[in-house]
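In our numbering, the protein residues as written are 4 to 634.
For each residue, glycine too, the CB sits at the ideal point set by N, CA and C.
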Amino acid sequence: MSYEEIYARSMEDPEGFWGEQAAAIDWYKPWSKVLDDSRKPFYRWFAGGELNTCYNALDRHVENGRADQAALIYDSPVTQSQKTYTFAELRDAVAQFAGVLRDQGVTKGDRVIVYMPMIPEAAIAMLACARLGAIHSVVFGGFASKELATRIDDAKPKVIVSASCGIEGSRVIEYKPLLDEAIDISTHKPDHTVIYQRPQVSATMQEGRDLDWASAAAAAKPADCVPVEATDPLYILYTSGTTGVPKGVVRDNGGHAVAMQWSMKNIYNVDPGDVFWAASDVGWVVGHSYIVYAPLLQGATTILYEGKPIGTPDPGAFWRVISEHKVKTLFTAPTAFRAIRREDPEAEYLKKYDMSCFEALFLAGERCDPDTLEWAQKQLGVPVIDHWWQTETGWGIAANCLGIEELPVKPGSPTVCVPGYDVRILDENGNEEAAGEIGRIMIKLPMPPGCLPTLWQNDQRFLDSYLSATEGYYLTGDAGYKDEDGYLWIMSRIDDIINVAGHRLSTGGMEEVLASHPAVAECGVIGAADQLKGELPVGLVVLKAGVEQPEEEIVGELIALVRQKIGPVAAFKKVVVVDRLPKTRSGKILRGTMKKIADGESYKMPATIDDPAILDEITEALIRIGYAKHQ
4 MSYEEIYARS MEDPEGFWGE QAAAIDWYKP WSKVLDDSRK PFYRWFAGGE
54 LNTCYNALDR HVENGRADQA ALIYDSPVTQ SQKTYTFAEL RDAVAQFAGV
104 LRDQGVTKGD RVIVYMPMIP EAAIAMLACA RLGAIHSVVF GGFASKELAT
154 RIDDAKPKVI VSASCGIEGS RVIEYKPLLD EAIDISTHKP DHTVIYQRPQ
204 VSATMQEGRD LDWASAAAAA KPADCVPVEA TDPLYILYTS GTTGVPKGVV
254 RDNGGHAVAM QWSMKNIYNV DPGDVFWAAS DVGWVVGHSY IVYAPLLQGA
304 TTILYEGKPI GTPDPGAFWR VISEHKVKTL FTAPTAFRAI RREDPEAEYL
354 KKYDMSCFEA LFLAGERCDP DTLEWAQKQL GVPVIDHWWQ TETGWGIAAN
404 CLGIEELPVK PGSPTVCVPG YDVRILDENG NEEAAGEIGR IMIKLPMPPG
454 CLPTLWQNDQ RFLDSYLSAT EGYYLTGDAG YKDEDGYLWI MSRIDDIINV
504 AGHRLSTGGM EEVLASHPAV AECGVIGAAD QLKGELPVGL VVLKAGVEQP
554 EEEIVGELIA LVRQKIGPVA AFKKVVVVDR LPKTRSGKIL RGTMKKIADG
604 ESYKMPATID DPAILDEITE ALIRIGYAKH Q
């Protein structure tokens, strides 16, 4: 069937469509209803069904002939080590650690916080929770104590699983002092912590509370899978809240398992036995969906990589992993490719590796500028697919679904709606925009399986945050348009549409123009407050390595380029060259924080910032061009 036929079926008969896809998952008890809409707008998928996500990810593959196939390959350039787990070995390790958690009183519905670096034990802890029907909440390893404490108080975990340290490039970050402080300042106290001692650091243990992973596992008996309701939570994943209180996105078991497995073949064209690599972190939604759950549910081999795209040890790091482990498909963030391109613009390192196994590159996490997409296409010679989704949805909203039908790529667009998603462009009154008109990107309810059913113990905040803008629709928070071919264009966050003298302009559109300049590696555009025009765009650009052209000349060319492509209406006159841009650890540029700096407003240090010191550099740069005066 063509993409159009499959998409139409998913819209006309969602229950029939998703009921058929659910046959790929093993159920202890079939569902009584594919879609339960008895509590609108709180929709539930596969109500009455019972399953276990860990069983579907591991045990059934062992039982069905994949016991000796590689399930997880750990590749760590920062420790110069590798380890491969077969499906049988991973199942046994997970069952053993589930026994550890069971010994500490963890049962179905209990919460367990996982505060871990990118090591196999992080995935093992997640799957062990799923095995018991416990709810895991993974917090990015090395997160600040205060932020970890807010999550402890919200999730109220019975146990916290952590490690003695994480390794970021050449830095060793001790986790245990951060964890101890978080527990000290949180109101809720876990019964126990389980600490995995890494060779680089030996954590100091608190008697009676802290357990050593290795000792506890040696003493535990393996635990079997516990059946759970399809509508029971699998995990809570916290996403930053505008109020400073994080939002606990809930993921259910049934809808999630169905959506994850369906997406592996239909979006990524990955079959059982293929090697798939999501170069992300288990602390992010990409790590949950596409390092741990989806590849294993599909019977594919997943790569867990502890390293960076550059500097561990060079810009050829990704090519080595692909070549060495025979990766078919890579999923990473555009920022990773901008970093590689900045360090190695002619892709000299790529020429050292045999990439014949490699078939597709998927990019997501931030809008991919056409220039980066075209560079990757030219260097790799495989489909480069920009796709769009969110923590809340857990999987792709818009994509070029390679496993269904490869559609023509339009650089700058994540292509079309994924089957199951009814995406509309609405104005502020809820009316649909014409093709080409920018509006709020909304998803008509019900959303497909795998998307958040609510927020953890906060239905009202779920309604207020996502469903209150237009009745019957989920607010994505992004702005963009659909073209005459039905292709989606995600231009920016709604907050990043700036108003210049009454003209609504997209910062994403301006960034696209700046990124097309041959000297620019990456860029960010913000709207800074202006007394006369309301807001004025300000560009911050990072130059490619080895650029010899004078900065003033480049700045002049960039201003002229925006005037030529977008027009004088943009009033684009301010550009500053910086060494780097402030980002979250997942690669998103912190435009909101830069805007506050430019406007001289106070700001809260973002919890997920990669390097706080960079904000001082940005402040100095903005002062040079007449902003950030009140800091």
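Taking the alpha helix (DSSP H) that residue i belongs to, which residues open and close that run?
{"i": "residue 540", "result": "Not the alpha helix (DSSP H): residue 540 falls in the beta strand (DSSP E), residues 537 to 546."}
{"i": "residue 201", "result": "That residue, residue 201, is in no alpha helix (DSSP H); it is neither H nor E in DSSP."}
{"i": "residue 145", "result": "From DSSP, residue 145 is part of no alpha helix (DSSP H); its letter is neither H nor E."}
{"i": "residue 328", "result": "320 to 328"}
{"i": "residue 122", "result": "Counting along the chain, residue 122 falls outside any alpha helix (DSSP H), and DSSP gives it neither H nor E."}
{"i": "residue 13", "result": "6 to 15"}
Using three-state DSSP, classify residue i as helix, strand or coil.
{"i": "residue 306", "result": "strand"}
{"i": "residue 483", "result": "strand"}
{"i": "residue 171", "result": "strand"}
{"i": "residue 370", "result": "coil"}
{"i": "residue 445", "result": "strand"}
{"i": "residue 132", "result": "helix"}
{"i": "residue 394", "result": "coil"}
{"i": "residue 139", "result": "strand"}
{"i": "residue 296", "result": "helix"}
{"i": "residue 428", "result": "strand"}
{"i": "residue 477", "result": "strand"}
{"i": "residue 634", "result": "Low confidence applies here, because residue 634 scores a pLDDT of 42, under 50, leaving its location unreliable and the question unanswered by this model."}
{"i": "residue 315", "result": "coil"}
{"i": "residue 410", "result": "coil"}
{"i": "residue 339", "result": "helix"}
{"i": "residue 351", "result": "coil"}
{"i": "residue 54", "result": "strand"}
{"i": "residue 28", "result": "coil"}
{"i": "residue 155", "result": "helix"}
{"i": "residue 440", "result": "coil"}
{"i": "residue 470", "result": "helix"}
{"i": "residue 555", "result": "helix"}
{"i": "residue 357", "result": "coil"}
{"i": "residue 107", "result": "coil"}
{"i": "residue 378", "result": "helix"}
Assuming residue i and residue j make a contact with CB atoms under 8 Å, what is their CB distance in whole Å?
{"i": "residue 344", "j": "residue 518", "result": "The pair is not a contact, with the Cβ atoms about 11 Å apart (cut-off 8 Å)."}
{"i": "residue 598", "j": "residue 530", "result": "6 Å"}
{"i": "residue 121", "j": "residue 307", "result": "6 Å"}
{"i": "residue 154", "j": "residue 116", "result": "7 Å"}
{"i": "residue 445", "j": "residue 473", "result": "6 Å"}
{"i": "residue 134", "j": "residue 55", "result": "7 Å"}
{"i": "residue 585", "j": "residue 562", "result": "Residue 585 to residue 562, Cβ: 23 Å. No contact."}
{"i": "residue 81", "j": "residue 176", "result": "Contact flag wrong, Cβ pair sits at about 11 Å."}
{"i": "residue 145", "j": "residue 181", "result": "7 Å"}
{"i": "residue 610", "j": "residue 543", "result": "Their Cβ separation, rounded to whole angstroms, is 22 Å, which puts residue 610 and residue 543 out of contact at 8 Å."}
{"i": "residue 75", "j": "residue 88", "result": "5 Å"}
{"i": "residue 152", "j": "residue 189", "result": "4 Å"}
{"i": "residue 193", "j": "residue 229", "result": "At roughly 21 Å, the Cβ-Cβ gap does not stay under 8 Å, so residue 193 and residue 229 are not in contact."}
Name the one or two DSSP bridge partners that residue i has.
{"i": "residue 79", "result": "84"}
{"i": "residue 402", "result": "419"}
{"i": "residue 163", "result": "116 and 196"}
{"i": "residue 89", "result": "73"}
{"i": "residue 39", "result": "47"}
{"i": "residue 362", "result": "Residue 362 is not bridged to any residue."}
{"i": "residue 176", "result": "169"}
{"i": "residue 458", "result": "252"}
{"i": "residue 23", "result": "None; residue 23 has no bridge partner."}
{"i": "residue 435", "result": "429"}
Which residues mark the beginning and the end of the beta strand (DSSP E) in which residue i is found?
{"i": "residue 206", "result": "Residue 206 -> no beta strand (DSSP E), and no H or E assigned at all."}
{"i": "residue 491", "result": "491 to 496"}
{"i": "residue 335", "result": "332 to 335"}
{"i": "residue 1", "result": "Nothing can be reported for residue 1, as the shown portion of the chain is limited to 4 through 634."}
{"i": "residue 65", "result": "Unbroken run through residue 65: none, as it is neither H nor E."}
{"i": "residue 49", "result": "47 to 50"}
{"i": "residue 215", "result": "213 to 215"}
Continuous beta strand (DSSP E) assignments of at least 3 residues falling wholly in the region 221 to 287 | Within the region 221 to 287, complete beta strand (DSSP E) segments of at least 3 residues are found at 236 to 242, 250 to 255 and 278 to 281, given in chain order.
Any beta strand (DSSP E) of 3 or more consecutive residues that is wholly inside the region 560 to 622 | As for any beta strand (DSSP E) of minimum length 3 sitting wholly inside the region 560 to 622, the runs are 577 to 580, ordered along the chain.
For the region 501 to 541, list the alpha helix (DSSP H) runs that are entirely contained and at least 4 residues long, ordered along the chain.
-> Whole alpha helix (DSSP H) segments, 4+ residues: 510 to 518.
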